[in-house]
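With the sequence shown counted from 1, adding 132 to any position gets you this note's numbering.
For each residue, glycine too, the CB sits at the ideal point set by N, CA and C.
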Amino acid sequence: MKTMNLISPLYKALRGIVFLAVLLSAFQVQPAQSVRAQDGEEDLKVCLLPGTAQLEQAEVQALKSALRRADKEVDFNGATCFAPIELRDEGKWKFVTLAGLKKMPGSAWTVSDDAVWSDNSIIHLADSGVDASIAGTKAFSKALAAVPESILPAESKAIIDPLSADKPAPMAGEVYRFPFELGYQVYYGTKGGGVHVGEFSTVLGGSSMAVDLMSDGDTSINHAPNRLLAAAPGTVVKKCSDTSKNSTYLIIDNGSTKFLYAHVRSTTAPPLWAVISAWGIQIGELVPGTFSDGFCGYASQTANFFHVHFEFLNRPTLTLSDWTLDTTAETWQRGAEVWHSGEWKQVGGTVTGCSQVSYTGVILYENANCNVETAGLSKSFSAATNWTDIVADPIHEKTSSIYVSTGWSVKVFEKAIADGGGSWRCVTEDLPDLSTSYYTNGDTARKMDNDISSVQVYNDGNCGSGATSIWSAKYFNGHDHWLDTSNFNNQMCEETIN
133 MKTMNLISPL YKALRGIVFL AVLLSAFQVQ PAQSVRAQDG EEDLKVCLLP
183 GTAQLEQAEV QALKSALRRA DKEVDFNGAT CFAPIELRDE GKWKFVTLAG
233 LKKMPGSAWT VSDDAVWSDN SIIHLADSGV DASIAGTKAF SKALAAVPES
283 ILPAESKAII DPLSADKPAP MAGEVYRFPF ELGYQVYYGT KGGGVHVGEF
333 STVLGGSSMA VDLMSDGDTS INHAPNRLLA AAPGTVVKKC SDTSKNSTYL
383 IIDNGSTKFL YAHVRSTTAP PLWAVISAWG IQIGELVPGT FSDGFCGYAS
433 QTANFFHVHF EFLNRPTLTL SDWTLDTTAE TWQRGAEVWH SGEWKQVGGT
483 VTGCSQVSYT GVILYENANC NVETAGLSKS FSAATNWTDI VADPIHEKTS
533 SIYVSTGWSV KVFEKAIADG GGSWRCVTED LPDLSTSYYT NGDTARKMDN
583 DISSVQVYND GNCGSGATSI WSAKYFNGHD HWLDTSNFNN QMCEETIN
């Protein structure tokens with residue numbers, strides 16, 4: 133028993149030495165893990181999905197490696213599968229926008245519905261091989277700084293780099309403009325009744341909201357043409373293009389404010405990281421009609437209509453040109469005028485009021501600006517007329533503005549038919565304020581305001597000029613001429629009276 137007691141501690145000590153040796157040897161047989169730690173690589177399991185941008189195999193492998201390394205510097209929000217959704221190729225430099233998903237999708241996916249992360253990558257084709265880096269890493273900042281300024285100016289680099297400390301200072305009293313041409317009408321609201329929850333909050337980098345602004349491009353009735361304009365200057369910091377569907381969204385960021393524009397025709401959009409130097413610069417055309425794609429957006433609309441999905445980070449109000457949006461009430465306001473979802477309104481430019489009228493023909497109004505600001509009497513003509521008295525109408529000698537739809541015209545006269553018409557003018561477009569308008573025939577110093585007694589309406593744009601017709605005449609005693617009562621253009625056909 134004593135011998136056994138003496139051997140037992142020695143046995144335990146020897147067993148401990150052997151265990152320690154085995155443990156040390158276990159640490160020594162993992163050289164691969166040591167190298168990865170030295171290279172900064174992590175165990176993130178990365179899948180790179182087919183996206184909208186095509187990359188070479190070496191570039192794909194470089195991106196995968198960069199994503200693994202970036203995992204300890206960048207919050208991917210749980211994303212493990214990534215897809216390239218935009219590519220700008222500058223030879224040895226390639227700039228890529230990536231979208232990240234939490235898992236391998238089982239079917240078609242879109243950035244708006246499925247992405248939990250999105251940012252950029254730089255691929256550098258150096259002499260030593262292909263290298264890649266991910267936005268939010270020191271490696272990306274270093275690579276971005278090395279991009280020649282002939283490709284990308286320094287001020288844009290500061291906006292693009294999430295780690296940059298040289299962000300542009302917020303612009304004092306910063307103002308924005310409508311993304312359509314000013315002076316035209318735009319239709320507000322195609323989804324959700326007006327303001328709706330942003331669909332690209334992951335891409336914008338925060339809780340967002342959006343409005344849909346639409347047109348059919350019919351400039352003959354003052355609807356905005358298909359030209360998308362920048363609401364503010366900045367840099368195209370992120371982008372998604374599906375050339376198979378010709379659909380793009382892009383974000384323009386100036387360091388203090390960023391706006392997302394979706395449903396842009398891919399072939400007309402500026403490239404990734406392009407500099408948009410000023411408000412109002414055209415940044416593309418919009419895709420008309422209904423379309424869908426697996427990545428960058430979709431729309432359901434009438435064939436000739438197009439709209440911009442205009443998205444921004446949550447805010448109580450947003451002023452674009454002369455309209456201010458109340459995001460809670462979901463209405464725009466300009467002075468006392470309110471713009472509700474489902475309505476056409478003119479944006480910017482000289483607001484005449486008459487441009488907001490939708491009618492085929494001619495209308496006489498009691499007040500300036502076609503009664504838009506102040507309600508009043510009106511007299512409408514939906515068809516061409518002979519020379520017609522309005523002396524028995526309440527609008528007689530009370531007309532202060534005239535609406536004329538495209539392709540129509542009207543001759544207005546100072547006097548009634550029985551009095552020979554007196555001074556007159558052919559009106560071929562809206563006259564919003566007759567207090568500043570004069571007759572062009574007869575007494576040309578005479579203002580037309582509250583002075584019109586008879587009219588002749590034409591469904592052409594030149595008061596029937598050059599037309600011929602069978603006509604009946606009326607002789608005006610003391611005026612020494614006969615008058616065509618069907619076509620006032622013949623009023624100067626005279627016959628000498630002896």
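Contact between residue 443 and residue 382 is absent: CB atoms are separated by about 11 Å, not below the 8 Å threshold. CA-CA distance, residue 521 to residue 572, rounds to 20 Å. In this chain, the beta strand (DSSP E) harbouring residue 227 covers 225-233.
Listed in chain order, the non-local C-beta contacts of residue 487 below 6 Å within the same chain comprise 354 and 478, local neighbours out to five positions each way being set aside. Excluding its 5 nearest sequence neighbours in each direction, residue 334 has C-beta neighbours in its own chain below 7 Å: 247, 248, 249 and 250, listed in chain order. Judged by their CB atoms, residue 268 and residue 237 are not nearer to each other than the 8 Å cut-off.
Take the alpha-carbon of residue 264 and the one of residue 273: they are about 12 Å apart. Residues 184, 217, 242, 243, 372, 373, 374, 377, 379, 380, 381 and 394 of the same chain have their beta carbon placed closer than 8 Å to that of residue 428, with the five preceding and five following residues left out of the count. Take the alpha-carbon of residue 406 and the one of residue 201: they are about 28 Å apart. Within the DSSP secondary-structure output, residue 215 pairs in a beta bridge with 231.
Between the region 303-319 and the region 332-351, the count of Cβ pairs shorter than 8 Å is three or higher; the stretches touch. For residue 371, the uninterrupted beta strand (DSSP E) run begins and ends at 366-374, by DSSP. As the crow flies, the alpha-carbon of residue 575 is around 21 Å from that of residue 562. Rounded to whole angstroms, the gap between the alpha carbons of residue 415 and residue 404 is 12 Å. Residue nearest to residue 440 within the set 401, 195 and 494 is 401 (criterion: CA-CA distance). Scanning its chain for C-beta atoms nearer than 7 Å, with the 5 sequence neighbours on each side dropped, one finds around residue 554 the residues 545, 546, 547 and 574, in chain order. Distance between residue 332 and residue 481, taken at the CA atoms: about 31 Å.
The DSSP assignment places 449-452, 455-458, 463-466, 469-471 and 476-479 as complete runs of the beta strand (DSSP E) inside the region 447-496, in order along the chain (cut-off: 3 residues).
Rounded to whole angstroms, the separation of the alpha carbons of residue 445 and residue 197 is 32 Å. A straight line joining the alpha-carbon of residue 199 with that of residue 356 spans about 44 Å.
Here residue 567 is exposed. Its C-beta has fewer than 16 other C-beta atoms within 10 Å. Within the same chain, Cβ atoms closer than 8 Å to the Cβ of residue 456 are found at 449, 450, 464, 465 and 466, the five residues on either side in sequence being excluded. Around the C-beta of residue 179, fewer than 16 other C-beta atoms lie within 10 Å, and the residue is accordingly described as exposed.
In the displayed model, residue 415 falls within a strand according to three-state DSSP. By the criterion of a C-beta distance shorter than 6 Å, residue 308 is surrounded in its chain by 363, 364 and 452, once the five residues flanking it on both sides are discounted. Residue 211 places its beta carbon 8 Å or farther from that of residue 182.
A Cβ-Cβ separation of about 13 Å leaves residue 509 out of contact with residue 534 under the 8 Å criterion. Checking the DSSP bridge columns, you'll see residue 346 partnered with 319 and 439.
Taking a C-beta distance under 8 Å as the contact criterion, residue 504 and residue 485 qualify as a contact pair.
Inclusion of residue 262 and residue 190 in the CB contact set at 8 Å is warranted, their separation being smaller than that value. Cα atoms of residue 327 and residue 205: separation of roughly 36 Å, rounded to the nearest angstrom. Between residue 531 and residue 582 the beta-carbon gap is near 7 Å, inside 8 Å, which marks them as a contact. In the structure shown, the three-state DSSP call for residue 310 is coil. Residue environment analysis places residue 432 among the exposed positions, since fewer than 16 neighbouring C-beta atoms fall within 10 angstroms of its C-beta.
Inter-residue distance for residue 239 and residue 468 is about 50 Å (C-alpha atoms, whole angstroms). DSSP, reduced to helix, strand and coil, places residue 333 within a helical segment of the structure shown.
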